[in-house]
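Asker:
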Amino acid sequence: SSPNHIPHPLPLSLSHTGGGGGGREKNPSMATIVNTTEEEPMLAVVRSTAQLAWADAGPEVADPEVARLCAEAQQHLLAGRWLDMATLMLASADLLLLSPSAPDKAADLECILTVICNLVTMAGSEDEALEIAKLICAKLTHQPPADKPTLRIKVLFSLYNLLPSLSGKAMVYRKALEVAAAAAGKAAADCVVPTFKNIDAFVAYWGIGKPEQRELFLAITRILKDHKGMTKDYFKFLNKYLATFDGSAGDADAIAAAKEEAAAAIVEFVKSSDLYQCDLLDMPAVAQLEKDDKYQPVYELLKIFLTQRLESYLAFQTANSTLLQGYGLVHEDCITKMRLMSLLDLSGHCSGEIPYSAITKALEVIGLPCLPIVVHLI
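Counting in my numbering, the sequence shown runs without a single skipped number right up to 1057 at its last residue.
Right under this line is the structure:
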């Protein structure tokens, strides 16, 4: 996906045709709205939305409400009041969102919301388009987390592609992440995860500052945290998030809120079987843990892995076995990694060859003292 356009995670088809006959097709994976009158297409959508929203109320209640909404829409249309039109249409869509409707109504809702998104292209200015987008985002994010999250993400991607404003695109993308994170399900996460590989291009394209980048990276880590098979990406975005803090006075309040993520990054590094170097010790967001009552032991563990050897880890584990278990760290795995890191550290202090006796001492294994073995470094 390019920064200007995000592909839809699900199929969508919209069809508008004039003339008589026909009706509204219903398909579990694809919705089609067909206009069956010569009515202005936008008003036809308002009428269709109102009829769906009030379908269960009976004609005595429904007919006057449908007529009122259509008359209101006609006034907004003639006056070019697109923000008011969006408000009106979203109110009807809300009734659909809140109803225990059958699956066919969900298909109709998908298209109705996409048509509402198209209002941003009719706005008289970028500011008006942005206000319409904010209304739509508010409606889509303020729903029960498990209620149609993939549909709502799809509609937000439609909105992203229609908006001219770069700041607006950034805002809508963050809202899509918000929906995915709140849903806490694989299907919703799968809608947004493919876009993460282009996140650096997105950030450059939007031109957003450090605070916005920080919010973005944090949202991504919350999606990746429990996403199977994404531990490397989770660690990568934890690092991106923590790197947005430079330790300046302006970061003083915000950096304190990053302690949990800093500790999580340390734990992910220690857990990883193929990560042996990192920049965490150089990050102010991580360094603050050294003086934190809750996270100081986690910081100490990081220092041991990066600057000390196995004997230091074993002493730490003896005093903090419960803490390691609480973070899901397996002692045997930590020993294996610490031995490898001790060997790397040992090689950095030797030139040409490492005596076998030095290896057995550093790794705390029983050697063969009768054999004068050396390891040659390449």
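C-beta: ideal position from N, C-alpha, C; glycine also.
(1) Would you mind listing the beta strand (DSSP E) stretches within the segment 813-898 that are 3+ residues and don't spill past its ends, in chain order?
(2) Leaving out five residues before and five after Gln822 in sequence, what residues of the same chain have Cβ atoms less than 8 angstroms from its Cβ?
(3) Which residues in the same chain as Glu894 place their Cβ atom closer than 8 angstroms to its Cβ, once the five residues preceding and following it in sequence are excluded?
(4) Between which two residues does the alpha helix (DSSP H) containing Cys749 stretch?
(5) Residues in its own chain within less than 6 angstroms of Arg726 by CB, not counting five upstream and five downstream?
(6) How big is the Cα-Cα spacing for Gly847 and Val799?
(7) Pull up the distance between the alpha-carbon of Leu691 and that of Ala866, whole angstroms please.
(8) For Ala860 and Leu968, what's the separation of their Cα atoms in angstroms?
(9) To the nearest angstrom, how far is the alpha carbon of Cys1013 from that of Lys970?
(10) What first and last residue would you give for the alpha helix (DSSP H) that runs through Gln1004?
(11) How many angstroms separate the CA atom of Leu921 from the CA atom of His755?
(12) In chain order, what residues of the same chain have a beta carbon less than 6 angstroms from the beta carbon of Pro828, not counting five sequence neighbours either side?
(13) Could you tell me whether the segment 970-980 touches the segment 945-952, where touching means 3 or more Cβ pairs closer than 8 angstroms?
(14) If you run the structure through DSSP and keep just helix, strand and coil, what is His906?
(15) Taking its Cβ as the centre, do 16 or more other Cβ atoms sit within 10 Å of Val851, making it buried, or is it exposed?
(16) In angstroms, rounded to a whole number, what distance separates the CA positions of Ala898 and Lys904?
(17) From Ala942, Lys813 and Thr820, pick the residue whose C-alpha is nearest to that of Leu1002; which is it?
(18) So, helix, strand or coil for Val1009, using DSSP?
(19) If you measure from the CB of Asp787, is any heavy atom of the ligand COA nearer than 7 angstroms?
(20) Going by the CB atoms, is the gap between Thr923 and Phe881 shorter than 8 angstroms?
(21) Just list the alpha helix (DSSP H) runs in the segment 914-976, keeping only unbroken ones of 4 residues or longer that don't cross its boundaries, in chain order.
(22) Would you please state the rounded distance, in angstroms, between the beta carbons of Leu762 and Glu719? I believe it to be under 8 angstroms.
(23) Excluding the 5 residues preceding and the 5 following Phe1083 in the sequence, name in chain order all residues of the same chain whose CB lies nearer than 7 angstroms to its CB.
(24) Could you tell me the alpha carbon to alpha carbon distance between Lys907 and Gln1004, rounded to whole angstroms?
(25) Relative to the alpha-carbon of Asp925, which residue among Leu731, Asp953 and Leu959 has its alpha-carbon at the smallest distance?
(26) Going by beta carbon distance, what residues of the same chain come within less than 7 angstroms of Phe995, once the five residues before and after it are set aside?
(27) Which same chain residues end up closer than 8 angstroms to Ala933 when comparing Cβ atoms and leaving out the 5 residues on each side of it in sequence?
(28) Just checking my contact of Ser837 with Thr793 at CB under 8 angstroms: how many whole Å lie between their CB atoms?
(29) Quick check: what's the CA-CA separation for Ala729 versus Gly888?
Answerer: According to the structure shown:
(1) none
(2) The count along the sequence shown starts at 1 and reaches residue 822 at position 143. These residues qualify, in order along the chain: Leu776 and Arg831.
(3) As a working note, residue 894 is residue 215 in the sequence shown. Arg853, listed in sequence order.
(4) Counting from one through the sequence shown, the residue named residue 749 turns up at place 70. Pro738 to Ala758 is the extent of the alpha helix (DSSP H) around Cys749.
(5) The count along the sequence shown starts at 1 and reaches residue 726 at position 47. Hits under 6 angstroms: Cys749.
(6) Along the sequence shown, read from residue 1 onward, the residue named residue 847 stands at position 168. Along the sequence shown, read from residue 1 onward, the residue named residue 799 stands at position 120. Distance between the alpha carbons of Gly847 and Val799 is about 11 angstroms.
(7) By 1-based counting over the sequence shown, the position of residue 691 is 12. By 1-based counting over the sequence shown, the position of residue 866 is 187. Since pLDDT at Leu691 reaches only 36, below the 50 mark, its modelled position is unreliable, and the value read off the structure follows with that caveat. Cα to Cα, Leu691 sits roughly 17 angstroms from Ala866.
(8) The sequence position of residue 860 within the sequence shown is 181, counting from 1. The sequence position of residue 968 within the sequence shown is 289, counting from 1. Each residue's Cα considered, the two are about 26 angstroms apart.
(9) Counting from 1 along the sequence shown, the entry for residue 1013 is found at position 334. Counting from 1 along the sequence shown, the entry for residue 970 is found at position 291. Distance between the alpha carbons of Cys1013 and Lys970 is about 24 angstroms.
(10) As a working note, residue 1004 is residue 325 in the sequence shown. Where Gln1004 is concerned, the enclosing alpha helix (DSSP H) stretches over Leu989 to Gly1005.
(11) Within the sequence shown, residue 921 is the residue found at index 242, counting from 1. Within the sequence shown, residue 755 is the residue found at index 76, counting from 1. Rounded to whole angstroms, Leu921 to His755 spans 47 angstroms at the Cα level.
(12) Counting from 1 along the sequence shown, the entry for residue 828 is found at position 149. Contacts found: Val858, Ala862 and Ala867.
(13) yes
(14) By 1-based counting over the sequence shown, the position of residue 906 is 227. His906 falls in the coil class under three-state DSSP.
(15) Working through the sequence shown from its first residue, we reach residue 851 at position 172. Result: buried.
(16) The residue given as residue 898 occupies position 219 in the sequence shown. The residue given as residue 904 occupies position 225 in the sequence shown. In a straight line, the C-alpha of Ala898 is about 10 angstroms away from that of Lys904.
(17) Here residue 1002 is taken as the residue at index 323 of the sequence shown, counted from 1. Leu1002 has its Cα closest to that of Ala942, out of Ala942, Lys813 and Thr820.
(18) Walking along the sequence shown from the start, residue 1009 turns up at place 330. Correct three-state label for Val1009: coil.
(19) Ligands in the displayed structure: none, and consequently the ligand COA is not present.
(20) Residue numbering aside, residue 881 sits at position 202 when the sequence shown is read from its first letter. Residue numbering aside, residue 923 sits at position 244 when the sequence shown is read from its first letter. Contact flag unset, no.
(21) 931-935, 938-950 and 963-966
(22) Here residue 762 corresponds to residue number 83 of the sequence shown, with the count starting at 1. Here residue 719 corresponds to residue number 40 of the sequence shown, with the count starting at 1. Between Glu719 and Leu762 the Cβ distance is about 18 angstroms, and since that is not below 8 angstroms, they are no contact.
(23) Summary: the structure shown does not reach residue 1083, with the chain confined to residues 680 through 1057, and so no result is reported for it.
(24) In the sequence shown, residue 907 corresponds to position 228, counting from 1. In the sequence shown, residue 1004 corresponds to position 325, counting from 1. Each residue's alpha carbon lies about 21 angstroms from the other.
(25) Walking along the sequence shown from the start, residue 925 turns up at place 246. Out of Leu731, Asp953 and Leu959, Leu959 has the C-alpha closest to the C-alpha of Asp925.
(26) Position 316 of the sequence shown holds residue 995. Only Glu979, Leu980 and Ile983 meet the Cβ criterion.
(27) Start at 1 with the first residue of the sequence shown, and residue 933 comes out as number 254. Around Ala933: Pro890, Arg893 and Phe924.
(28) Here residue 837 refers to the residue found at position 158 of the sequence shown. Here residue 793 refers to the residue found at position 114 of the sequence shown. Correct: roughly 5 angstroms between the Cβ atoms.
(29) Reading the sequence shown from its first residue, position 50 is the one you call residue 729. Reading the sequence shown from its first residue, position 209 is the one you call residue 888. Each residue's Cα considered, the two are about 42 angstroms apart.
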